[in-house]
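Undergrad: Numbering (numbering that gives the first Met the number 0), first residue to last: 0 to 86.
What follows is a structure written as structure tokens; I'll ask about it next.
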Amino acid sequence: MAKLGQDIRRLTNLAYPSAPTEVRETLAKEQFVDALANSDMRLKVKQARPLDLNDAVRHAVELEAFYSSEKHYQEQVRSTSVKDDEL
Numbered sequence: 000m001a002k003l004g005q006d007i008r009r010l011t012n013l014a015y016p017s018a019p020t021e022v023r024e025t026l027a028k029e030q031f032v033d034a035l036a037n038s039d040m041r042l043k044v045k046q047a048r049p050l051d052l053n054d055a056v057r058h059a060v061e062l063e064a065f066y067s068s069e070k071h072y073q074e075q076v077r078s079t080s081v082k083d084d085e086l
């Protein structure tokens with residue numbers, strides 16, 4: 000996630016070297032959010048209204064950690080079953 004943010008910032012600076020910093024930052028932030036593969040994550044990062052690219056990356060990394068933790072939890076949930084003759 001952080002690498003994606005760094006790459007987008009570098010490419011934005013190369014593509015728009017004479018643009019004001021605020022413009023480059025806004026473009027980089029929007030491109031980062033659009034590059035997120037997970038549509039739910041993309042929506043949640045947009046809803047957080049990040050101020051800049053660093054803020055957007057921070058939100059995405061946090062969400063990625065939550066999703067990873069939740070996936071790990073769901074894989075560890077135990078289940079039980081009841082046989083028909085036990086009823």
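From the three backbone atoms N, C-alpha and C, an ideal C-beta is built for every residue, glycine too.
Are the CB atoms of Leu3 and Ala36 nearer to each other than 8 Å?
TA: Within the sequence shown, the letter at position 4 stands for residue 3. Within the sequence shown, the letter at position 37 stands for residue 36. Their beta carbons are not under 8 Å apart, which means Leu3 does not touch Ala36 by this criterion.
Undergrad: State the DSSP-derived secondary structure class of Lys45, mapped to helix, strand or coil.
TA: Indexing the sequence shown from 1 puts residue 45 at position 46. Residue state, collapsed to three classes: helix.
Undergrad: Ends of the alpha helix (DSSP H) at Lys2?
TA: As a working note, residue 2 is residue 3 in the sequence shown. Note, Lys2: alpha helix (DSSP H), Ala1 to Ala14.
Undergrad: Rounded to whole angstroms, what is the Cα-Cα separation between Glu24 and Arg8?
TA: Sequence index remark: in the sequence shown, residue 24 carries index 25 (1-based). Sequence index remark: in the sequence shown, residue 8 carries index 9 (1-based). Rounded to whole angstroms, Glu24 to Arg8 spans 8 Å at the Cα level.
Undergrad: Go through its chain and collect everything with a Cβ distance to Lys28's Cβ below 7 Å, but skip five positions before and after it.
TA: On the sequence shown, residue 28 is found 29 positions in, with the first residue counted as 1. Hits under 7 Å: Pro49, Asp51, Leu52 and Ala55.
Undergrad: How would you write the range of the alpha helix (DSSP H) that Asp33 sits in, first residue to last?
TA: Along the sequence shown, one-based indexing puts residue 33 at 34. Thr20 to Ala34 is the extent of the alpha helix (DSSP H) around Asp33.
Undergrad: Near Glu63, what residues of its chain come up, given a Cβ to Cβ distance below 8 Å and the 5 sequence neighbours on each side ignored?
TA: Residue numbering aside, residue 63 sits at position 64 when the sequence shown is read from its first letter. Only Met0 and Met40 meet the Cβ criterion.
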